[in-house]
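Undergrad: Sharing a structure with you now.
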């Protein structure tokens, strides 16, 4: 996802890995360290997520990986579909009249407000790139709208969706 310049993660560069934590008692913190490389890092992250999922699924009251928190705390997991964020959406379509109107109509039908919209020609003749940055909206609405836009006959590539961090 994109992060603003004010976010602590925006200061992480190069091959440094970072984890952003927002805690009730600690506030915001970023833990950083040298990266181990793409595959070892991915393996470690997946192992931690599997361990976390098993602990939650089994109702474990033991400390979860690295002692971050216990299952018996008051925090609840919320499905991402119920969360809200701003989105960067990039559509590639045939260069034809009315495509932009169709895209904005689908967004309006899903109660998604547009912050910015840009249309540019791409290297391939007859195609355009349409970039939309949305106002804050529910993930489920954004997903539904993107699926509907991708189904339009004028859309020639799978849309790119990037969520903005708050």
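Residue numbers (my numbering): 228 to 393.
Here a beta-carbon is modelled for each residue, glycine too, at the ideal position from N, C-alpha and C.
(1) Looking at C-alpha atoms only, which residue of 352, 367, 252, 315 is the closest neighbour of residue 306?
(2) Taking Cβ positions, are residue 259 and residue 248 nearer each other than 9 Å?
(3) So for residue 386, helix, strand or coil by DSSP?
(4) Count Cβ pairs between the stretch 320-336 and the stretch 262-282 that sit closer than 8 Å; are there 3 or more?
(5) Would you call the CB atoms of residue 244 and residue 269 closer than 9 Å?
(6) For residue 323, which residues from the same chain have a beta carbon less than 7 Å from its beta carbon, with the 5 sequence-adjacent residues on both sides left out?
(7) What are the boundary residues of the alpha helix (DSSP H) that residue 357 is part of?
(8) When every heavy atom of the ligand SAH is checked, does at least one fall within less than 8 Å of the C-beta of residue 243?
TA: Well, looking at it:
(1) Stepping through the chain shown from its first residue, residue 306 is reached at position 79. Just measuring C-alpha positions, the residue of 352, 367, 252, 315 sitting nearest residue 306 is 367.
(2) Position 32 of the chain shown, counted from the start, is the residue given in the question as residue 259. Position 21 of the chain shown, counted from the start, is the residue given in the question as residue 248. Going by beta carbons, residue 259 and residue 248 fall outside the 9 Å limit.
(3) Counting from 1 along the chain shown, the entry for residue 386 is found at position 159. Residue state, collapsed to three classes: coil.
(4) As far as the Cβ criterion goes, the stretch 320-336 does not touch the stretch 262-282, which means the pair count is below three.
(5) Taking the chain shown and counting its residues from 1, the one referred to as residue 244 is at position 17. Taking the chain shown and counting its residues from 1, the one referred to as residue 269 is at position 42. No, Cβ-Cβ distance for residue 244 and residue 269 is not below 9 Å.
(6) The count along the chain shown starts at 1 and reaches residue 323 at position 96. Contacts found: 381.
(7) On the chain shown, residue 357 is found 130 positions in, with the first residue counted as 1. First-last for residue 357: 354-361, but that is the beta strand (DSSP E), not the alpha helix (DSSP H).
(8) No copy of the ligand SAH appears in this structure; indeed no ligand is present at all.
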